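Sequence order for the protein chains is A and B.
Per the numbering used here, the very first residue in the first sequence carries number 1; after that it's consecutive.
Per the numbering used here, the very first residue in the second sequence carries number 149; after that it's consecutive.
Below is one structure, written out as structure tokens, with a few remarks after it.
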Amino acid sequence: MIAIAAGVTLIAIAAALVLNAFQGNVVFFFSPTQVAAKEAPLDRTFRVGGMVEKGSVKRRADGLTVDFIVTDTAKSIPVVYSGLLPDLFKEGKGVVAQGKLGPDGAFVASEVLAKHDENYMPPEAAHALSKAQADKAAKSVVSPGAAR
Amino acid sequence: MIPEIGQFSLIVALALALAQAALSLTGAARGIPGFVAVARPAAQGQFVFVAIAFACLAWSFYSNDFSVLNVASNSNSSLPAAYRIAATWGSHEGSLLLWVLMLSLWMLAVSVFSRSLPDEMVARILGVMGLIAVGFLCFMLFTSNPFERLLPAAADGRDLNPLLQDPGMVFHPPMLYMGYVGFSVAFAFAIAALLDGKLDATWARWSRPWTTAAWVFLTVGIALGSFWAYYELGWGGWWFWDPVENASFMPWLIGTALIHSLAVTEKRGAFKNWTVLLAIIAFSLSLLGTFLVRSGVLTSVHAFATDPKRGIFILCFLAVVIGGSLALYAWRANRVEPGGRFELLSRESMLLANSVLLLVACGAVMLGTLYPLFLDALGLGKISVGPPYFESVFMPLMAPAILLAGIGPLVAWRKGDSAQLMRRLRWVWIAALVGALFVPLAFGRWAALTSAGLLLAFWILAGTLTSLIVRIKSGTKITSAFLGMLLAHAGVGVFVIGITLVKSYETERDLRMAPGESAELGGYSFRFEGVREVRGPNYAAARAAIAVQRDGAQVARLEPEKRIYLVQQNPMTEAAINAGISRDIYVSLGESVGEGAWTVRIHIKPFIRWIWFGCLMMAFGGLLAASDRRYRATRRREATSAADATVVRGSTA
Chain A
1 MIAIAAGVTL
11 IAIAAALVLN
21 AFQGNVVFFF
31 SPTQVAAKEA
41 PLDRTFRVGG
51 MVEKGSVKRR
61 ADGLTVDFIV
71 TDTAKSIPVV
81 YSGLLPDLFK
91 EGKGVVAQGK
101 LGPDGAFVAS
111 EVLAKHDENY
121 MPPEAAHALS
131 KAQADKAAKS
141 VVSPGAAR
Chain B
149 MIPEIGQFSL
159 IVALALALAQ
169 AALSLTGAAR
179 GIPGFVAVAR
189 PAAQGQFVFV
199 AIAFACLAWS
209 FYSNDFSVLN
219 VASNSNSSLP
229 AAYRIAATWG
239 SHEGSLLLWV
249 LMLSLWMLAV
259 SVFSRSLPDE
269 MVARILGVMG
279 LIAVGFLCFM
289 LFTSNPFERL
299 LPAAADGRDL
309 NPLLQDPGMV
319 FHPPMLYMGY
329 VGFSVAFAFA
339 IAALLDGKLD
349 ATWARWSRPW
359 TTAAWVFLTV
369 GIALGSFWAY
379 YELGWGGWWF
389 WDPVENASFM
399 PWLIGTALIH
409 SLAVTEKRGA
419 FKNWTVLLAI
429 IAFSLSLLGT
439 FLVRSGVLTS
449 VHAFATDPKR
459 GIFILCFLAV
469 VIGGSLALYA
479 WRANRVEPGG
489 RFELLSRESM
499 LLANSVLLLV
509 ACGAVMLGTL
519 YPLFLDALGL
529 GKISVGPPYF
539 ESVFMPLMAP
549 AILLAGIGPL
559 VAWRKGDSAQ
569 LMRRLRWVWI
579 AALVGALFVP
589 LAFGRWAALT
599 SAGLLLAFWI
609 LAGTLTSLIV
619 RIKSGTKITS
629 AFLGMLLAHA
639 GVGVFVIGIT
649 LVKSYETERD
659 LRMAPGESAE
669 LGGYSFRFEG
679 VREVRGPNYA
689 AARAAIAVQR
699 DGAQVARLEP
709 EKRIYLVQQN
719 PMTEAAINAG
729 ISRDIYVSLG
739 ESVGEGAWTV
749 RIHIKPFIRW
759 IWFGCLMMAF
769 GGLLAASDRR
779 YRATRRREAT
789 SAADATVVRG
799 STA
């Protein structure tokens, strides 16, 4: 009996911990289109993903802070990041940034992710791109072949 | 020609596996000695053919046979020979072949080191393992053939992912798989015992060394993987709570619960059902891990949905193995006699509490790993569950487990003596409190979590030392199993010290450094001396030189690199590390920002080596425990009693 009671208590504690941790620590993903539509939270960390726009990467004078634009081909969002960029961060390649929206509408990234494979695109970035393309295709009534 | 030999060997191995599973299970159930006798030779033959297949694939990689698709997509003629061989398990198909090789290696081991076990038991165990082999061989032959030809042959290969071109790739996957797959032995023992209806202390004694051995391999495999990620990824992190890592960590947690629960079943005959259930879960999680990593479901749920052949196969296989074994469990478990009774304060109840804690912690890890996949698959949005979730759930669940591990060995079986326990714990308390309060003073910065972590670490270390002293004073013989347990527990303490100090006192800075510039971090000064070009066997690199000084004396000259691997044109950060017992200095090179200046990241990681050293202590403790003479001695004794039984049977016949 005691063992069962202890077991139930333990599971209750674990469930409380899990729920609490989920509430505080789950990071949601938004595409630039969603951010432009003001769907993203203002005071909470989230992820944004897409492609680094060609010609958009600029380094500031301190040598560490980088500005670039993430696009899903429909909408785009400026991102600021200070620190070392991952090896596979490149213009025209997929990227996912984690951070918060700044007061000026730019996304202040605390972390930039780009995975290690020339063909590989972070799944979230790929999703954002294909979704934007699908929307475009639907609008222009072209064949929906662009959507994967 | 060679690849076809490999292909053919796999087919022969499948035939042998089918025969092994069908004949030995039927033989054991119906009592047909001729069928039972098939088990050992079939398992050994299967090993031979799988080994031939593996050797053929390794040869194709070694000899740059780009007419094999697998070789063409994962290797290159400019790849150094050691990595060409390691590339054998760098691909999906190759790593499955490694999985099957490990399985047949474990089967070979069971068939050789089981002379003392009743033949029917061996037949059941090898029969169950044969079924698993059938599943994996079919998976390989029908969905992931490692020997598929590419015609016309490619001129050269697409190269191995540069991240994998590292000594870590040579040792980490085989170790990890050896551990993963090793739980199939414990699983097969459990299923065999359920089929047989004989779940007793002897069964537990037989499975213990096997389970511990698998756990040792898994521990070493995970630690190697963590160390590899630390020095190779260039970010200075050692554990990311990445789904791929969690996939190997979940079986480890259950395996840890299992080896402790097996101890109770062997010593006290209790928790039989619980132990069997843990054995089933441990192997099920190994399979789930294989599914997660190998089906492509992690890279993209959608990719999985568009090419579902592999994923569906593994899902069905999972359903059959897990569903089947749980059904068998539900059917047979109620026939198991309850074990010896015990009081609330007893070693049994502490071990039970610990295994429940480990199971719950594993459940929390699983939830965090699978939940985003479910949401995504159902189209309910994309989320990521990062390290903060895992840390805030995992730590509160593991803290009581570590407290219990410190006390457990000090409490008697069946009924503990609370007054005696309090006396024994006196010094443990003092040591833990002193350590928790004074060590942070040495670092000059205090935080509640730091003290909590150190309290746990010193608690388990002091508790373990006290158990040793108590044992020496009592005059009982100190077995290697007992020493192994103590060493593993001390390893947990060392591991926790490492994590606590690294988490509390690590520092890092991202800098832009021009030649001749200096920066300070954690009492060290770093002088950037500039970058020069160097050539490796299959890469070109920019190599920086950074002089590290402390109080004017040179500590190290670090040379981090930024490499471009020529075949795939992939950049790779190669960090430079000055290792030490009390700290690592870790430097990685970012990118050129003009005028000879580069971005650089420097870290100081206090006591980080203790993390892996603690893991090695745990593994070595497991090795000591698994090699205890008791297992061999009892085997011999059983062999003689089995011989007696045959004589008796013979005389009555």
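Quick reminder that beta carbons are idealized off the backbone N, C-alpha and C, glycines included.
Since the structure is predicted, the reported quantities are computational estimates derived from the model, not experimental observations.
When rounded, the separation of the alpha-carbon atoms in V715 of chain B and D304 of chain B is 10 Å. In chain A, no part has a C-beta under 9 Å from the C-beta of A525 of chain B; the shortest such distance is about 12 Å. DSSP places P103 of chain A in the coil class of the three-state scheme, outside both helix and strand. I180 of chain B sits in coil when the DSSP states are folded into three classes, being neither helix nor strand. Listed as beta-bridge partners of F29 of chain A by DSSP are A:R47.
For Q192 of chain B, the uninterrupted alpha helix (DSSP H) run begins and ends at A187 to Y210, by DSSP. Listed along chain A, no residue sits closer than 9 Å to I339 of chain B by beta-carbon distance, the nearest being about 25 Å off. Straight through space, the alpha carbons of E739 of chain B and S239 of chain B are spaced by roughly 30 Å. In the three-state reduction of the DSSP assignment, P294 of chain B falls in the coil class, being assigned neither a helical nor a strand state. Distance from the CA atom of S622 of chain B to the CA atom of L616 of chain B, rounded to whole angstroms, is 10 Å. When DSSP states are grouped into helix, strand and coil, G623 of chain B belongs to the coil group. B:V644 is the residue among B:G527, B:V644 and B:M570 whose C-alpha sits nearest the C-alpha of M546 of chain B.
Within the same chain, and ignoring the five residues on either side of W237 of chain B in sequence, the residues whose Cβ sits closer than 6 Å to its Cβ are S243, L246 and P321. Take the alpha-carbon of F606 of chain B and the one of R495 of chain B: they are about 21 Å apart. Using a Cβ distance threshold of 7 Å, A128 of chain A and S31 of chain A count as a contacting pair.
Where L312 of chain B is concerned, there is no enclosing beta strand (DSSP E), because DSSP gives it neither an H nor an E. For Q717 of chain B, the number of other beta carbons within 10 angstroms of its own is below 16, and it is reported as exposed.
The alpha-carbon separation between V216 of chain B and A395 of chain B amounts to approximately 30 Å. Among the residues of chain B, those whose CB is under 8 Å from the CB of L17 of chain A are A512, S540, V541, P544 and L545, following chain order. Taking a cut-off of 8 Å for Cβ pairs, the region 718 to 730 of chain B and the region 77 to 87 of chain A touch, as three or more such pairs fall below it. Listed along chain B, the residues sitting closer than 7 Å to V27 of chain A by beta-carbon distance are I531, S532 and G534. For K38 of chain A, the closest of A:E111, A:L64 and A:F107 by C-alpha to C-alpha distance is A:F107. For the region 518 to 551 of chain B, the full-length beta strand (DSSP E) segments reaching 3 residues or more read 531 to 533 along the chain. Legend: CB atoms of the region 62 to 76 of chain A lying less than 8 Å from CB atoms of chain B belong to residues D62, G63 and L64.
Close to F107 of chain A, with beta-carbon spacing below 9 Å, lies no residue of chain B; the smallest spacing is near 16 Å. For I756 of chain B, the three-state secondary structure derived from DSSP is coil. Taking C-alpha positions only, D307 of chain B is separated from A229 of chain B by approximately 13 Å. By the criterion of at least three beta-carbon pairs nearer than 8 Å, the region 654 to 665 of chain B is not in contact with the region 625 to 644 of chain B. In chain order, I150 place their CB closer than 6 Å to the CB of W207 of chain B, counting only its own chain and leaving out the 5 sequence neighbours on each side.
Residues of chain B with a Cβ closer than 8 Å to the Cβ of I11 of chain A are, in chain order, V508. The C-beta distance from A169 of chain B to G275 of chain B rounds to 5 Å, short enough to fall under 8 Å.
Under the 7 Å criterion on CB atoms, A14 of chain A is classed as interfacial with respect to chain B. The Cβ of D348 of chain B sits no closer than 7 Å to any Cβ of chain A. Between the region 191 to 203 of chain B and the region 152 to 166 of chain B there are three or more C-beta pairs closer than 8 Å, enough to call the two in contact. Residues of chain A with a Cβ closer than 8 Å to the Cβ of G738 of chain B are, in chain order, L84 and L85.
Checking the DSSP bridge columns, you'll see R657 of chain B partnered with B:I750.
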